[in-house]
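Report on one structure; see the data block that follows.
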Amino acid sequence: MGSHLPDIRPTKQMKNGLVTPFNKTCNEHKLDKNIMQQLKYNPSSPIVVPKYKLIFFWSAKSACTYWKRLMQLIQGINRTILHDPRSGLKTLDMFSNCKIMEMMNNEQWVKAAFVREPRERILSSYLDKGQYRHVMNEVCRINRTVSFNEFLEIIKHCKNSHWDNQCRVPEYFYKQMMVGKFSEISSFTERLLKRIGAWNETVEHWLNSSKIYTSLMLQTRKINY
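Okay, so the sequence shown: first residue is 1 according to full-length UniProt numbering, each after it adds one.
Given below as structure tokens:
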């Protein structure tokens, strides 16, 4: 996750009489550029679900296809596009700095992150990228397939969301967050959706019939075995 950053909570002091929490956040605190960069980080900017007051920190190679489809489902977004701005999903980088600070400091907004065991994630990235010449050429300008050991050296200087840090969140926010692990994706899904009030028969039916979910369950069984 991110490095140590200053406490950026709104204070109880009020300037010039009555000030709303929104304005207070903007007026009384300098919005550190590094904080904003961490929170907005593109291309894996967190998904924002206003209907359920959820900010969801996802990352590539950590069941991101599953989570994006699920976030579409609970909002009634009927689109097949997932990894594209046309997905219909809102992301944190679409909001102003002031609005971001308002949401992040508001305890009514649930902040959740989902992570995968790092070594397992790196191996998945290698199998998905390192074994294909055209992909390595596109991503790292290396026009050949590479061994796993070569891949580990290459990604030290070839930056990509598939092996970057999984959750780029300032440390101050850690204590506020729900964190789910790949090996516990089923129980975390239910716990998170019940927390925000989005767990229902439609979701259960989708989970029971989704090929994406079935594939993930097979992977987690292998891990836990």
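Glycine is no exception: its CB is placed at the ideal position from the N, C-alpha and C atoms. Fair warning: this is a prediction, and the values are worked out from it, not measured in the lab.
- request: Note down, in chain order, each residue of its chain lying with its Cβ closer than 6 Å to the Cβ of residue 59, except the 5 sequence neighbours on either side.
  value: 44, 166
- prompt: Looking at the structure shown, is residue 180 part of a helix, part of a strand, or coil, going by DSSP?
  reply: Residue 180 falls in the strand class under three-state DSSP.
- request: Can you tell me the Cβ-Cβ gap for residue 110 and residue 178, rounded? I've got them flagged as a contact below 8 Å.
  value: At roughly 7 Å, the Cβ-Cβ gap stays under 8 Å, so residue 110 and residue 178 are in contact.
message: Check for me: the alpha helix (DSSP H) holding residue 154 runs from which residue to which?
response: Its alpha helix (DSSP H) spans residues 148-154.
- request: Classify residue 82 as helix, strand or coil using the three-state DSSP reduction.
  value: coil
- prompt: Cα separation between residue 155 and residue 95?
  reply: 31 Å
query: Taking DSSP as the reference, what is the three-state secondary structure of residue 77?
result: Three-state result, residue 77: coil.
- prompt: Beta-carbon separation of residue 90 and residue 146 under 8 Å?
  reply: no
Cutoff 7 Å; reference residue 62; Cβ partners in own chain excluding five residues on either side: So the qualifying residues of the chain are 114, 115, 116, 121, 166, 182.
- prompt: What is the DSSP secondary structure of residue 47, counted as helix, strand or coil?
  reply: If DSSP states are grouped into helix, strand and coil, residue 47 belongs with the strands.
message: For residue 202, count the other beta carbons within 10 Å of its own beta carbon; 16 or more makes it buried, fewer makes it exposed. Which is it?
response: exposed
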